[in-house]
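Visitor: Residue numbers (this note's numbering): 723 to 981.
Below are the structure tokens for one structure; questions will follow.
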């Protein structure tokens, strides 16, 4: 079942017009890391406005908000419906309110069909989320025709969703320099090479191996483990883990509010 059919059945048939706002929506940029590439989770919209098949287009996971629904709760609902995950990293990063953000007339008609209301203008609040690809619910994603795509080779997208994705990427690039959010994308134990690769694909640039390793291992919240890689062709590397409690304590000390 494609995203158009999915939304039509569950939005139009099960959600009366009076319970959601036709002018406010939430869209989620869901980032994942497969060990080599930064990816984003997209939903396929493969049904035309007349119900026929059309050239594939993709969209961000998103929805109109309920009239009495908090924005953060709406974003969490959308993520859970698509991935089956809850209690994951989620942060609001921007609002997109251009009156012409839905320039394609067919896209507008599709949105009116799947929402069941006349659409004049939709202002969307954008969130980005960081999840471990191997922890997401593959069956649930497949059932909703969702799939992972490299950030460097995005497929055709509806509305202004490419702009939303690239804005989210720019925010992520800034925030990983000051907050340890990258660990949301890594396994519980990781090598220095794995985390350096993650930084490089997010920042879009190569980093000096020696300087990166020195800065990383100087942090008190990066804990070395006794375990090493197994079954690799090269010299096995040590594993490390992120100590969140230690990070919060060190941050309090730096900001001088540890009373």
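For glycine and all other residues, C-beta sits at the position ideal for the given N, C-alpha and C.
As the structure is a computational prediction, the values presented were derived from the model and not from experiment.
Mark residue 964 as exposed unless 16 or more other C-beta atoms lie within 10 angstroms of its C-beta, in which case mark it buried.
Guide: As a position in the chain shown, residue 964 is number 242, starting the count at 1. It counts as buried.
Visitor: Taking only the alpha-carbon atoms, compute the straight-line gap between residue 900 and residue 911 and give it to the nearest angstrom.
Guide: On the chain shown, residue 900 is found 178 positions in, with the first residue counted as 1. On the chain shown, residue 911 is found 189 positions in, with the first residue counted as 1. Each residue's alpha carbon lies about 21 Å from the other.
Visitor: Going by the CB atoms, is the gap between residue 844 and residue 995 shorter than 8 Å?
Guide: This structure leaves residue 995 out entirely; the chain is present only between 723 and 981.
Visitor: With a threshold of 7 Å on Cβ separation, who are the neighbours of residue 797 within its own chain once the five nearest residues in sequence on each side are excluded?
Guide: Position 75 of the chain shown holds residue 797. Closer than 7 Å at Cβ, skipping near neighbours: 748, 750, 812, 849.
Visitor: Taking the alpha helix (DSSP H) that residue 921 falls in, what are its first and last residues?
Guide: Locating residue 921 in the chain shown gives position 199, where the first residue counts as 1. 914-925 is the span of the alpha helix (DSSP H), which, as asked, contains residue 921.
Visitor: Since residue 829 is in the alpha helix (DSSP H), which residue starts that stretch and which ends it?
Guide: As a first step, residue 829 must be located in the chain shown, where it is residue number 107. Element bounds for residue 829: 827-837.
Visitor: On the DSSP letters alone, give me the boundaries of the alpha helix (DSSP H) that residue 887 sits inside.
Guide: As a working note, residue 887 is residue 165 in the chain shown. 883-897 is the span of the alpha helix (DSSP H), which, as asked, contains residue 887.
Visitor: Thinking just about the alpha-carbon of each residue, which of 781, 962, 780 is nearest to the one in residue 946?
Guide: As a first step, residue 946 is located in the chain shown; it is residue number 224 there, counting from the start. Comparing Cα positions, the closest option is 962.
Visitor: Just the Cα atoms here: how many angstroms apart are residue 918 and residue 933?
Guide: Locating residue 918 in the chain shown gives position 196, where the first residue counts as 1. Locating residue 933 in the chain shown gives position 211, where the first residue counts as 1. Distance between the alpha carbons of residue 918 and residue 933 is about 11 Å.
Visitor: From 853, 839, 815, pick the residue whose C-alpha is nearest to that of residue 908; which is it?
Guide: Your numbering for residue 908 matches position 186 in the chain shown. Among 853, 839, 815, the Cα nearest to that of residue 908 belongs to 853.
Visitor: For residue 958, which residues of its own chain have a beta-carbon under 7 Å away from its beta-carbon, when the five flanking residues on both sides are left out?
Guide: As a first step, residue 958 is located in the chain shown; it is residue number 236 there, counting from the start. So the list reads 950, 951, 952, once near-sequence residues are dropped.
Visitor: So which of 936, 889, 930, 857 has the shortest CA-CA distance to residue 755?
Guide: Indexing the chain shown from 1 puts residue 755 at position 33. Nearest of 936, 889, 930, 857 to residue 755, Cα basis: 857.
Visitor: Residues bridged to residue 904 by DSSP?
Guide: Counted from its first residue, the chain shown places residue 904 at position 182. DSSP, once it has assigned bridges, lists no residue as partnering residue 904.
Visitor: Any C-beta of chain B sitting closer than 8 Å to the C-beta of residue 898?
Guide: No chain B appears in the structure shown, which is made up of a single protein chain.
Visitor: Can you look up residue 766 in the DSSP assignment and give me helix, strand or coil?
Guide: Counted from its first residue, the chain shown places residue 766 at position 44. Strand at residue 766.
Visitor: Tell me, which residues are paired with residue 871 by DSSP?
Guide: Translated into the one-based positions of the chain shown, residue 871 becomes position 149. DSSP, once it has assigned bridges, lists 762 as partnering residue 871.
Visitor: What is the rounded straight-line gap between the Cα of residue 790 and the Cα of residue 778?
Guide: Translated into positions along the chain shown, residue 790 becomes position 68. Translated into positions along the chain shown, residue 778 becomes position 56. So the alpha carbons of these two residues sit roughly 34 Å apart.
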